[in-house]
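At the far end of the sequence shown sits residue 278, using the numbering used here, and the numbering has no gaps. Glycine residues also receive a C-beta, built at the ideal position from the N, C-alpha and C atoms. One structure is given below, encoded as structure tokens.
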Amino acid sequence: MTQDYNKRIRTVIIDDEDHCISTLLKMLDMFCPEIEVLGTAGSVEDAIKLINRSKPELVFLDINLVNGDGFTVLELVEKRDFGVIFTTAFDYFAIRAIEFSALGYLLKPVNFKELVNAVNRYKEFRLTMEKYEFFKQNLGKNLERIVLPRIDGYDVVPVDEIVFCEGVDKYTVIRMKDKKEITVSKMLNEVEEALEGLSFFRISNNVLINLTYVKSYDRSRTPTIRLEGNFTFEVASRRKKDFFESLKKIIRSV
25 MTQDYNKRIR TVIIDDEDHC ISTLLKMLDM FCPEIEVLGT AGSVEDAIKL INRSKPELVF
85 LDINLVNGDG FTVLELVEKR DFGVIFTTAF DYFAIRAIEF SALGYLLKPV NFKELVNAVN
145 RYKEFRLTME KYEFFKQNLG KNLERIVLPR IDGYDVVPVD EIVFCEGVDK YTVIRMKDKK
205 EITVSKMLNE VEEALEGLSF FRISNNVLIN LTYVKSYDRS RTPTIRLEGN FTFEVASRRK
265 KDFFESLKKI IRSV
């Protein structure tokens with residue numbers, strides 16, 4: 025993991041002020057040697073061309089450009105599959121900047137400590153995404169064991185030992201057969217997508233269950249299921265019919 029964390033990061037700088045580009049280049053060279061600058065641009069048009077051509081992993085993007093702004097660049101590039109660190113002299117742009125990128129923004133003049141922290145946030149983000157892609161690839165191959173990415177690493181677990189997954193804010197808590205809990209750094213929708221085609225069913229907005237662990241079902245006014253381990257959950261009314269159909273398929277296959 026250390027090797028991945030420190031590998032070179034393909035980067036471009038978008039800024040319409042030459043002295044700002046020069047200063048940032050010097051700071052990156054001095055404090056962030058893992059950054060490989062592929063090129064720079066100062067206008068919206070040139071920025072779009074540079075990003076489309078060089079396909080960077082990370083973009084330092086000035087919000088105010090001579091003929092537009094950085095948000096326009098992000099809206100018009102062919103594919104936005106890179107991290108963004110905004111640079112700006114005006115902190116009232118910060119809220120919108122954060123909406124575009126969890127990596128945040130740097131106020132000019134850039135402070136070297138804040139620069140290093142921003143680059144480190146990108147590196148953590150990249151590691152998380154790489155682990156998640158590996159997670160999805162494993163499931164695509166229908167392996168018996170899968171990789172669950174955490175913020176600080178990952179767990180490899182048997183698919184058939186996952187009892188249920190519960191969405192909590194922007195994370196997912198996965199409960200295992202041995203009662204171990206694993207907090208995954210992905211939202212429940214993404215975990216559900218990765219588990220598609222297996223014996224899992226979304227019974228409500230925030231709960232995804234493994235149907236093989238259903239022990240009983242209460243048909244009362246508020247439909248409730250009980251899972252192995254004595255966990256109980258309500259089944260959303262709109263999901264009842266699909267739940268029964270999916271459960272029948274599991275029962276027939278046993």
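Alpha carbon to alpha carbon, how far is residue j from residue i? Give it in angstroms, no decimals.
i, j, result
"Lys137", "Thr47", "14 angstroms"
"Phe114", "Val259", "48 angstroms"
"Val215", "Thr196", "8 angstroms"
"Glu102", "Gly92", "18 angstroms"
"Val183", "Ser67", "49 angstroms"
"Thr283", "Ile87", "Missing from the structure shown is residue 283; the chain here goes from 25 to 278 and no further."
"Arg245", "Arg145", "48 angstroms"
"Met200", "Lys239", "16 angstroms"
"Phe106", "Val83", "7 angstroms"
"Phe267", "Leu62", "52 angstroms"
"Lys273", "Phe225", "12 angstroms"
"Asp42", "Leu151", "32 angstroms"
"Leu130", "Phe257", "45 angstroms"
"Lys264", "Ile186", "22 angstroms"
"Phe255", "Ile198", "13 angstroms"
"Ser261", "Asn234", "19 angstroms"
"Arg77", "Tyr241", "56 angstroms"
"Gly94", "Ile109", "11 angstroms"
"Met54", "Leu139", "11 angstroms"
"Val180", "Asp70", "44 angstroms"
"Lys50", "Val90", "23 angstroms"
"Tyr237", "Ile72", "51 angstroms"
"Val134", "Leu172", "36 angstroms"
Grab the span of the alpha helix (DSSP H) containing residue i for me, first residue to last.
i, result
"Ile72", "Val68 to Ser78"
"Ala218", "Leu212 to Ala218"
"Arg45", "The question names Arg, but residue 45 is Ile in the sequence shown. First-last of the alpha helix (DSSP H) with Ile45: Asp42 to Phe55."
"Gly94", "Gly94 to Leu100"
Report buried or exposed for residue i, applying the criterion of at least 16 other Cβ atoms within 10 angstroms of its Cβ.
i, result
"Pro80", "buried"
"Thr35", "buried"
"Asn141", "exposed"
"Ser209", "buried"
"Glu190", "buried"
"Phe188", "buried"
"Ile59", "buried"
"Val231", "buried"
"Glu269", "exposed"
"Val143", "buried"
"Ile275", "exposed"
Ends of the beta strand (DSSP E) at residue i?
i, result
"Tyr195", "Tyr195 to Met200"
"Phe188", "Ile186 to Val192"
"Phe114", "Counting along the chain, Phe114 falls outside any beta strand (DSSP E), and DSSP gives it neither H nor E."
"Leu62", "Ile59 to Ala65"
"Phe106", "Unbroken run through Phe106: none, as it is neither H nor E."
"Thr246", "Here Thr246 belongs to no beta strand (DSSP E), and DSSP marks it neither H nor E."
"Ile87", "Counting along the chain, Ile87 falls outside any beta strand (DSSP E), and DSSP gives it neither H nor E."
State the CB to CB distance for the pair residue i and residue j, rounded to an integer number of angstroms; the pair is presumed to be in contact (CB under 8 angstroms).
i, j, result
"Leu85", "Thr111", "7 angstroms"
"Asp39", "Ile33", "At roughly 18 angstroms, the Cβ-Cβ gap does not stay under 8 angstroms, so Asp39 and Ile33 are not in contact."
Is the shortest distance between the beta-carbon of residue i and the beta-carbons of chain C less than 8 angstroms?
i, result
"Leu219", "Considering every chain present, this structure includes no chain C. It has just one protein chain."
Point to revise | Stretch-stretch touch, CB-based, cutoff 8 angstroms, three pairs: the stretch 211-220 with the stretch 251-269 | key: With a cut-off of 8 angstroms, the stretch 251-269 and the stretch 211-220 do not count as touching, because too few Cβ pairs lie within range.
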